[in-house]
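Each residue of the sequence shown is one higher than the one before, starting from 1 at the first, in UniProt numbering.
All residues carry an ideal CB built from backbone N, CA and C; glycine is no exception.
To start, the structure under review is shown below, and the notes come after it.
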Amino acid sequence: MTSTAPVIGHLDLPTFTTVVAASPLVSMDLVLIRDQREVLLGLRSNRPAQGFWFVPGGRIYKNERMQAALQRIAQTELGLGEALAQWQVCPQWLGSYEHFYDDSFSGQPGVSTHYVVLAHVLHVPAGFEPPSRDAQHQDWRWWPLAEAAQHEQVHRFSRDYLVGDLPPPG
């Protein structure tokens with residue numbers, strides 16, 4: 001028998017809802033820094049963090065290696081997957097973070113979301129623009145680092161990445 005339920009990643013909607021309600025999700029965020037002065041943020045269309053500016057990111061799928069997840073996320077959200085696989089400069093480790101949300105993608109009352117986030121920084125040159133944008137974001141915008149670190153429309157979890165010293169291009 002084939003399922004007609006929508007699929008999120010590799011899970012059907014009811015299964016994914018159960019997982020989100022019961023377990024933390026492991027995800028990767030990609031902090032794109034342009035010319036050491038600006039950060040790329042997307043205006044979120046989906047829960048959680050709907051209506052906030054947030055860095056690109058997504059969860060790691062079961063049996064997916066972290067490098068493969070980073071490339072998939074870069075491709076899905078920014079159109080950078082193949083380029084990321086071929087570039088000499090790889091994303092740099094920023095750190096691990098925990099994100100707790102009172103809501104979830106499903107909008108069901110009482111279902112919260114907990115992410116364990118593996119954050120990476122990718123330095124790109126002046127004038128760089130991502131080739132595409134996914135449906136999770138209404139818009140992309142390059143924000144001056146100092147402004148993004150303080151602006152209330154930038155989600156506090158994205159602002160956390162910008163506090164302190166970011167790894168230099170390397």
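query	result
Contact set for H10: own chain, Cβ-Cβ below 8 Å, skip 5 residues either direction	Y61, K62
3-residue-minimum beta strand (DSSP E) runs that sit fully inside the UniProt domain "Nudix hydrolase" (24-167), ordered along the chain	25-34, 38-44, 57-59, 92-101, 113-124, 137-144
Chain D contact for T76 (CB, 7 Å cutoff)	Of the chains in the structure shown, none is chain D; there is only one protein chain.
Contact between the region 93-113 and the region 126-145 (3+ Cβ pairs under 8 Å)	no
For L78 and H120, the rounded distance between their alpha carbons	15 Å
Proximity below 7 Å, CB of L41 to CB of Y115	no
Extent of the continuous alpha helix (DSSP H) run through P14	13-22
When W53, L43, L166, S23 are compared against R59, the one with the closest alpha-carbon	S23
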